[in-house]
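Numbering (our numbering), first residue to last: 32 to 295. No residue lacks a Cβ here, since even glycine has one placed at the ideal position from N, Cα and C.
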């Protein structure tokens, strides 16, 4: 059970966030800023991000302006050098990328938005690390937002029922975003040869809107694919901020794919 209070002794960090204007990403940005942490955000529209922050917390864009750096771009449109510069010096990178729930967003391009962005960000991080000649490579945390419908590639999730496996089969081959999320999780879970690039995939159950409450992280989905608990987007963001700022929590869940549920 987690309802972490960040210590006043928490060191200052810098985090790159992509997908920051989405329903969960905006909470990640705001909660990091509220902890006086530096945030680099990649957004198609800076104003849309600022408006989203102000909608949650009035005057947030002014109150935390010194801690927020926004690059206006689509993440896949950035050059390798631009992405390397944005990742340089970061303690953590967070991807809350997802496909818009429109016909174009689901079936149009880019169909591998999440996977391609994760690959390019990880490559940028590792390129920066190898260029740090004569220095010890900086450890970077990578947090990917997934869902509990994405199975852990290590096979440690409980076996789904026949009906659920059939439904996931249909989603995989008929709904490109689900296949993209599975592919991104498979890619990042295969990053095992770089001890200074640590990762976790947070898999929330059914997402809802709401405020920060208590939540729990579990090693695998505890029940059925649908109707087995909910997760507020603010709590998903809170878990990511806690993972970035609380080393003991990070050590518990790094290189894993915890499932997040709200606690009533």
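With DSSP as the reference, please indicate the residues paired to residue i in a beta bridge.
{"i": "residue 49", "result": "73, 126"}
{"i": "residue 89", "result": "For residue 89, which the question treats as bridged, DSSP gives no partner whatsoever."}
{"i": "residue 281", "result": "None; residue 281 has no bridge partner."}
{"i": "residue 248", "result": "291"}
{"i": "residue 103", "result": "74"}
{"i": "residue 229", "result": "172"}
Using a Cβ-Cβ cutoff of less than 7 Å, which residues in the same chain neighbour residue i once the five nearest sequence positions on both sides are dropped?
{"i": "residue 120", "result": "45"}
{"i": "residue 105", "result": "75"}
{"i": "residue 97", "result": "none"}
{"i": "residue 134", "result": "Caution is warranted here: a pLDDT of 42 is assigned to residue 134, below 50, making its placement in the model unreliable, and the coordinate value is therefore given only provisionally. Counting only Cβ-Cβ distances below 7 Å, and skipping sequence neighbours, we find nothing."}
{"i": "residue 268", "result": "55, 58, 59, 62"}
{"i": "residue 271", "result": "59, 125, 174, 233"}
{"i": "residue 99", "result": "64, 70, 72"}
{"i": "residue 150", "result": "218"}
{"i": "residue 158", "result": "115"}
Using 10 angstroms around the beta-carbon of residue i, count the other beta-carbons present and answer buried if the total reaches 16, otherwise exposed.
{"i": "residue 226", "result": "exposed"}
{"i": "residue 211", "result": "buried"}
{"i": "residue 294", "result": "exposed"}
{"i": "residue 245", "result": "exposed"}
{"i": "residue 170", "result": "exposed"}
{"i": "residue 239", "result": "exposed"}
{"i": "residue 221", "result": "exposed"}
{"i": "residue 108", "result": "exposed"}
{"i": "residue 273", "result": "buried"}
{"i": "residue 1", "result": "Examination of residue 1 is not possible in this model, given that the chain is present from 32 through 295 alone."}
{"i": "residue 183", "result": "buried"}
{"i": "residue 213", "result": "buried"}
{"i": "residue 185", "result": "exposed"}
If residue i and residue j are in contact, beta carbons under 8 Å, what's the gap, nearest whole angstrom?
{"i": "residue 80", "j": "residue 72", "result": "6 Å"}
{"i": "residue 242", "j": "residue 287", "result": "About 27 Å; that fails the 8 Å criterion."}
{"i": "residue 123", "j": "residue 57", "result": "No, residue 123 and residue 57 are not in contact; Cβ-Cβ is about 17 Å, not under 8 Å."}
{"i": "residue 101", "j": "residue 126", "result": "The Cβ separation is near 16 Å, so there is no contact."}
{"i": "residue 181", "j": "residue 216", "result": "5 Å"}
{"i": "residue 129", "j": "residue 50", "result": "6 Å"}
Keeping to the same chain, check which residues put their C-beta closer than 6 Å to that of residue i; ignore five residues upstream and five downstream.
{"i": "residue 103", "result": "77"}
{"i": "residue 179", "result": "234, 236, 252, 290"}
{"i": "residue 117", "result": "47, 71"}
Helix, strand or coil: how does DSSP classify residue i here?
{"i": "residue 224", "result": "coil"}
{"i": "residue 176", "result": "strand"}
{"i": "residue 64", "result": "helix"}
{"i": "residue 109", "result": "coil"}
{"i": "residue 134", "result": "Note that residue 134 scores 42 on pLDDT, short of 50, meaning its location in the model is unreliable and no value can be drawn from it."}
{"i": "residue 95", "result": "coil"}
{"i": "residue 262", "result": "strand"}
{"i": "residue 274", "result": "helix"}
{"i": "residue 78", "result": "helix"}
{"i": "residue 187", "result": "coil"}
{"i": "residue 240", "result": "coil"}
{"i": "residue 55", "result": "coil"}
{"i": "residue 267", "result": "helix"}
{"i": "residue 294", "result": "coil"}
{"i": "residue 181", "result": "coil"}
{"i": "residue 146", "result": "helix"}
{"i": "residue 234", "result": "strand"}
{"i": "residue 44", "result": "coil"}
{"i": "residue 162", "result": "coil"}
{"i": "residue 118", "result": "helix"}
For residue i and chain C, any beta-carbon pair shorter than 8 Å?
{"i": "residue 144", "result": "Looking for chain C here will not work: only one protein chain is present."}
By Cβ distance, which residues of its chain are closer than 8 Å to residue i, with the 5 residues on each side in sequence left out?
{"i": "residue 155", "result": "111, 114, 115, 117, 118"}
{"i": "residue 17", "result": "The chain is shown from 32 up to 295; residue 17 falls before or after that span and cannot be answered."}
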